[in-house]
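Everything below concerns the one structure shown next.
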Amino acid sequence: MWKGGCRMNAVSAEHTYVMAQRFDKALKTIRGALAEVELDVADEFDTAGILDWRADSTPARSRVLLVDCPLLLFEALALDRASAVFFPLHILVSDDGDRTHVSVINPAGLFDARLPVGAADPMDRLQARVALALESANAVQTNIE
Numbered sequence: 420m421w422k423g424g425c426r427m428n429a430v431s432a433e434h435t436y437v438m439a440q441r442f443d444k445a446l447k448t449i450r451g452a453l454a455e456v457e458l459d460v461a462d463e464f465d466t467a468g469i470l471d472w473r474a475d476s477t478p479a480r481s482r483v484l485l486v487d488c489p490l491l492l493f494e495a496l497a498l499d500r501a502s503a504v505f506f507p508l509h510i511l512v513s514d515d516g517d518r519t520h521v522s523v524i525n526p527a528g529l530f531d532a533r534l535p536v537g538a539a540d541p542m543d544r545l546q547a548r549v550a551l552a553l554e555s556a557n558a559v560q561t562n563i564e
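Residue numbers are given in my numbering: position 138 of the sequence shown equals residue 557, and the series is strictly consecutive.
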C-alpha cells in the first residue's frame with residue numbers, strides 16, 4: 420500500500436497475542452507487566468474508530484502504546500543515530516468484546532526496511548522483553564492470518 424509517498428506494509432505485526440480480559444483490565448495488566456520488566460510507556464494514543472476491522476457500526480476501542488527502554492535506546496543511538504527512527508516500539512491493544520488483541524508492531528517491517536546495524540540488537544532485546552511481559556500477563560500468542 421502506498422501512503423504519503425512511502426511504501427508501507429499494513430501487516431507488520433511481529434507477534435499477536437490474545438488476552439481473555441476486557442479492554443480496560445487488559446490495558447492495566449499490560450502496563451503493570453511492562454513496568455515489571457523495567458519498560459516505560461513513553462506515550463500512548465487512542466485509535467478508536469481509526470483502526471477498525473469490525474463490520475458493525477460501533478468502533479472498536481484501541482490504543483497504541485509507545486514502549487521504550489531508555490538504556491536500550493541510548494545503546495542504539497550511540498552505535499547509529501539513524502536508530503532513533505525505529506524507537507519506541509509500538510504495541511496496538513484492541514478491544515474484541517470479552518477478549519483483547521495485542522499486536523507488537525515490527526518497526527522495520529512497517530516500511531519493508533532493514534534496521535540500522537546499531538539498532539538491530541537493542542530492538543531484538545526490547546522485543547524480547549515486551550514478549551516476556553505480555554506472556555507474564557497471561558497473553559496467549561496466536562497466529563492470525
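Quick reminder that beta carbons are idealized off the backbone N, C-alpha and C, glycines included.
To the nearest whole angstrom, what separates the beta carbons of residue i and residue j, a pair I think is in contact under 8 Å?
{"i": "L458", "j": "V486", "result": "5 Å"}
{"i": "A538", "j": "F505", "result": "5 Å"}
{"i": "R544", "j": "L491", "result": "6 Å"}
Cutting at 6 Å between CB atoms, please list the residues of its own chain near residue i, excluding the five before and the five after it.
{"i": "I563", "result": "Because the pLDDT at I563 is just 47, under 50, the model does not fix this residue reliably, and the point stays unresolved."}
{"i": "G423", "result": "Here the model assigns G423 a pLDDT of 45, short of 50, so the residue's position is not dependable and the matter cannot be decided."}
{"i": "P507", "result": "A461, L485, V486, D487"}
For residue i, collect the residues of the same chain with a Cβ closer than 8 Å to its Cβ; drop the 5 residues on either side in sequence, then sort them by chain order.
{"i": "A552", "result": "I449, A452, L453, E455, V456, L458"}
Are residue i and residue j touching if we call contact CB-CB under 7 Å?
{"i": "P514", "j": "A461", "result": "One detail in the question is off: residue 514 reads as Asp in this sequence, not Pro. Not a contact, by the Cβ cut-off of 7 Å."}
{"i": "V523", "j": "D499", "result": "no"}
{"i": "V483", "j": "L511", "result": "yes"}
Out of the options, which has the shortest C-alpha to C-alpha gap to residue i?
{"i": "R441", "options": "F493, I510, H520", "result": "H520"}
{"i": "K444", "options": "G516, L508, A501", "result": "G516"}
Give every residue of the same chain whose Cβ lies closer than 7 Å to the Cβ of residue i, excluding the five residues on either side of it in the sequence, and list them in chain order.
{"i": "A503", "result": "L496"}
Ignoring anything shorter than 4 residues, give me the alpha helix (DSSP H) runs that lie fully in the segment 504-543, in order along the chain. 526-529
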